[in-house]
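In this note's numbering, the protein residues as written are 1 to 187.
Right, here's the structure in full:
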């Protein structure tokens, strides 16, 4: 059934995939998982989401271009840490019997799970920063759960939730630590 579903939806455009990823459409995540050509698209989503995070973070403080770039880089590194932790936890520590780890499939699906992060640029609007970041963070976590469940062939959504929450906490800790060590001071 999985291959049939991917075959039926294989003609979606990049924009349709973005919309489907934001809508938490399982069929889109299955399509992206099976399409090796979507790797560049997934990487593009992660880059755009990271840049949007840097832009949106302007609402937290009067940031310079270098601070925006720094925050975008931290966002990208946090995503990479989350991806690495997800591979290890989901594929090696908490697999289900049918779980098969294909790093490319997982990276494509969790790359598209970053799609809601592109809305973080709206955080640059006055008084919108905190609500935008809270909403997009929760939305990205939900998208990540769908992505992980599909890519690791989990039958249990609860297992995907546990993997994603643990990875999210570790990646967030990593990002905050880097920000505190190397980031600009906020006065």
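Just so it is clear, CB atoms sit at the ideal spot from N, CA and C, and this is done for glycine as well. Note that the coordinates shown come from a computational prediction; the quantities given were computed from them, not determined experimentally.
- When 102, 78 and 137 are compared, the shortest CA-CA separation from residue 123 is found for 137.
- Between the alpha carbons of residue 121 and residue 57 lies a gap of roughly 8 Å.
- Within the stretch 116–159, the runs of alpha helix (DSSP H) that reach at least 4 residues and sit entirely inside it are, in chain order, 129–151.
- Boundaries for residue 63: no alpha helix (DSSP H) harbours it, and the DSSP string shows neither H nor E there.
- About 36 Å separates the beta carbon of residue 148 from that of residue 64, a gap too long to meet the 8 Å contact definition.
- Linking residue 161 to residue 152 through their CA atoms gives a straight-line distance of about 12 Å.
- The alpha helix (DSSP H) runs lying completely inside the stretch 24–53 and spanning 4 residues or more are 26–34, given in chain order.
- For residue 75, the three-state secondary structure derived from DSSP is helix.
- Contact check for residue 41 against residue 60 fails: the beta carbons are separated by 9 Å or more.
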